[in-house]
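When you line the sequence shown up against this note's numbering, it's residues 542 to 1227, in that order. Backbone N, C-alpha and C define an ideal beta-carbon position, used for all residues, glycine too.
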Amino acid sequence: MTEKIRNICLLGHGGTGKTSLTESILYLTGGTDRLGNVGSGNTVSDYDPEEIKRGISISAATVFAQYKGVKINIIDTPGYFDFAGEVRQAVRVADAGIIVCAAKGGLSVGTEKAWDYLEEKKLPKVFYVSKLDEENGDFTATYNALREKFGHTVCPIALPFYEGGKVAGVVDVILGKAYKTEKNKTVEAPVPESMKGALEQMHGALAEAVAETSEEMMEKYFEGEPFTEEEILAGLKKGVREASLVPVLCGSGYLGVGTELLLNAIVNLLPSPAERPAELAVNAAGETVEIACDEGGQTCLFIYKTLSDQYGKFSFFKVLRGKADADMVLTNSRTGGTEKLGHIYNMLGKKSIEVKTIPCGDIGAVSKLADSKTGDTLCDPKAVVSAERIAFDEPCYSMAVSPKVKGQEDKIANGLMRLAEEDPGFTMENNAETHQLVLSGAGDIHLDVLCSKLKTKFGVEVELSPVKVPYREKIRKKVKVQGRHKKQSGGHGQYGDVWIEFEPGETEDLTFAENIFGGSVPKQYFPAVEKGLRESIQKGVLAGYPVVYLKATLVDGSYHEVDSSEMAFKTAASLAYKNGLPQASPVILEPIGLLKVTVPDSYMGDIIGDLNKRRGRVMGMNPIGAGRQEIEAEVPMAEMGSYAIDLRSMTQSRGSFSFKFVRYEEMPAANQAKVIEEAKLSAEAE
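What follows is the structure, given as structure tokens:
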């Protein structure tokens, strides 16, 4: 049964036709009775209201097709980089990847990224050149660009042919036969005379590529003997599975041209789960063990995706070993708790088809698991293991989120917690200092989609605003000041009088000392003085930011036997603080972070120029291979708000970065003035 399963993911840049190709496969194999269209919002794999509204894939959708007795599971992934987490989920459970690239416009960065994802997981790859029906589509130029970029491992197994200037069908390079698609049926057609030269040339390139898969084939090739059809298929199959050959197919999802040839390649060339290397996992003792794809083994399944809605949640899983039966009780290796599978399904977009069993290597879904989430392993209680989790990219773009109607903060937090179940690619943090709920994701579109979902799924409208920078204040010189609190009213009055020396301290926290002679301030009031200062340093005198590196020494004062109290001395200390700090040359400190940017060599000048504009200091540059450099720089956090979007724009999405706080540093005077002015305006607004 496992041999009759193929798990593939469709990858590539946004707009290259992945969803249209999925539709074409489903329509041709009878999975649907109509051909959906992205523009009309009626495709099987783009069913989320946000996807229909925007006309793009946001979530990795799982569908399946039956072809020649083989079940083909297809995970259609988003091409926009804000949703790269969805691609990571798909690649984690796929056994091969089809990289879809459009026939016009040259190679896109999405093609490069898709290649990198599959290389990282050592998965077999196939290129599919799409949209041959569109004007200015050029298969040959795209194929040549693929060869130039990815080397001679790229080999053609299909060529398009045209009639009247429009794509009419494809030629199978292996068989030397041409095929047209008419009314959803693929029929053989004569190879056009004009194609015969190109076909011969491509067949030669294919034979050369196949020859390199074994010594025996290489010998035959050099002896000038032609390969049989079976030999070419066997060589291709071996080369694809070892990832030493990457076949190129082509077609038009919209017209159905080339779809059947692609399905044949999936069935004949791509591996079943049983033909992939065993998964590595960790057992209860912390030892690394293998999970072989064994139909008779103890059940082990991996949850790669979660969908959450008002009715509960669906958990998508791949059976790594054994089989998953309805009502089976398994152990979650992360929590140690048990989960009953209950109803299990094959998924066709949003349509769930209930089944009794999901066999080894297959992909399915289960509803209403109690405490399992994306990345968890469910297994037989007698063989508890944890499979490798999904490595999501760190969120790099942050905004503060707040409700349009006050008092709905809890609703936002609850909604985001539910959304986090299905999207582990974002984080939220309640910043106690700035009093903002900070939402961090992969980019502006990612956060915009989350806000839309908060409105449609949880009925709360929100606004995004820049994240406040957590500045600090400190003093640069020593001053000695008096704080005197005297208040007389009926009965007891209030009296507290202190002299305090303020100076720069050694530690970030307040250093409090006393140097009193002759009992001018009794010892019992020392804690009250310290408490008054600790409360005061929460708000600096320049812009209201916390004060750090402050040493305060109580040196003198006076008291009244009746009117003095802890409260009076606490107030006197805060008065000394307010009087003294403006005289002690206060300055604003800003947070500085270590930025590591990885970019292709060709963008180095632009990146360094941009860092200089952001007041960054370049610390070093390290070549990391494949024509890429890692730049290390220290940059003020205040200059990094839009960096994720700006870097994407400067490098056509080829750059990536990480940014970690390292320390606080004194801010230039011109910038301080701006921060102080903003703080005043903010205080007035409140």
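For E544, there is no enclosing alpha helix (DSSP H), as DSSP marks it with neither H nor E.
K945 and L810 have their C-alpha atoms roughly 54 Å apart. When DSSP assignments are scanned along the region 723-804, the uninterrupted stretches of alpha helix (DSSP H) that are 4 or more residues long and fall wholly within it turn out to be 737-752, 756-763, 770-782.
Rounded to the nearest whole angstrom, the CA to CA distance from G1046 to N1163 is 38 Å. Shown here for E831: same chain residues with a beta carbon closer than 8 Å to its own, the five before and five after excluded, namely A819, E820, L821, A822 in chain order. For a cut-off of 8 Å, the C-beta gap from Y1100 to P1068 is around 15 Å, too long to register as a contact. CA-CA distance, R1204 to D917, rounds to 36 Å. DSSP places A1109 inside the alpha helix (DSSP H), whose first and last residues are 1107-1121.
Inclusion of V781 and R547 in the CB contact set at 8 Å is not warranted, their separation being larger than that value.
In this structure, V1020 places its C-beta atom within 8 Å of the C-beta atom of A1125.
Around the beta carbon of N614, 16 or more other beta carbons sit within 10 angstroms, so the residue counts as buried. F857 places its beta carbon 8 Å or farther from that of K864. Within its own chain, the residues whose Cβ lies closer than 6 Å to the Cβ of R875, once the five positions on either side in sequence are excluded, are D917, listed in chain order. Non-local beta-carbon contacts of M1191 in its own chain, meaning distances under 6 Å to residues more than five positions away in sequence, involve D1147 in chain order. Collapsing the DSSP output to three states places Y1100 in coil. Nearest to L1222 by alpha-carbon distance, out of G1034, S993, G1085, P788, is G1085.
The criterion of a C-beta distance shorter than 8 Å is not satisfied by L687 and T618. Three or more pairs of CB atoms, one per stretch, sit closer than 8 Å, so the region 916-935 contacts the region 870-887. The Cβ atoms of M758 and E772 sit closer than 8 Å to each other.
Taking every protein chain shown into account, the CB of Q630 has 16 or more other CB atoms within 10 angstroms, so this residue is buried. Excluding residues up to 5 positions away in sequence, L700, F702, V712, A719 lie with their Cβ nearer than 8 Å to the Cβ of M736 in the same chain. If the five residues before and after R930 are omitted, its C-beta is found closer than 6 Å to the C-beta atoms of G916, all from its own chain and listed in chain order. According to the DSSP secondary-structure assignment, W1040 is paired through a beta bridge with Q1023, D1097. V634: member of the alpha helix (DSSP H) spanning 625-634, first to last residue. Across the set G902, I986, G1000, the C-alpha of G1000 shows the shortest separation from the C-alpha of E950. One thing to note: E564 has its Cβ within 8 Å of the Cβ of L576. The beta carbon of M1181 sits closer than 8 Å to those of G1134, L1136, R1155, F1200, all from its chain and outside the five residues before and after it, given in chain order.
In the DSSP assignment, S671 is bridged to A643.
Residue environment for T800: buried (at least 16 other C-beta atoms within 10 angstroms of its C-beta). In the same chain as G1060, and ignoring 5 residues on each side of it, no C-beta atom comes closer than 7 Å to its own. One thing to note: I549 has its Cβ no nearer than 8 Å to the Cβ of A644. It is roughly 8 Å from the alpha-carbon of I1172 to the alpha-carbon of M1160.
Straight-line spacing of the CA atoms in G1150 and M1178 works out to 17 Å.
Bridge partners of R1155 according to DSSP: none are assigned. Around the beta carbon of G738, fewer than 16 other beta carbons lie within 10 angstroms, which makes this residue exposed. Beta-bridge analysis with DSSP links Q607 to K612.
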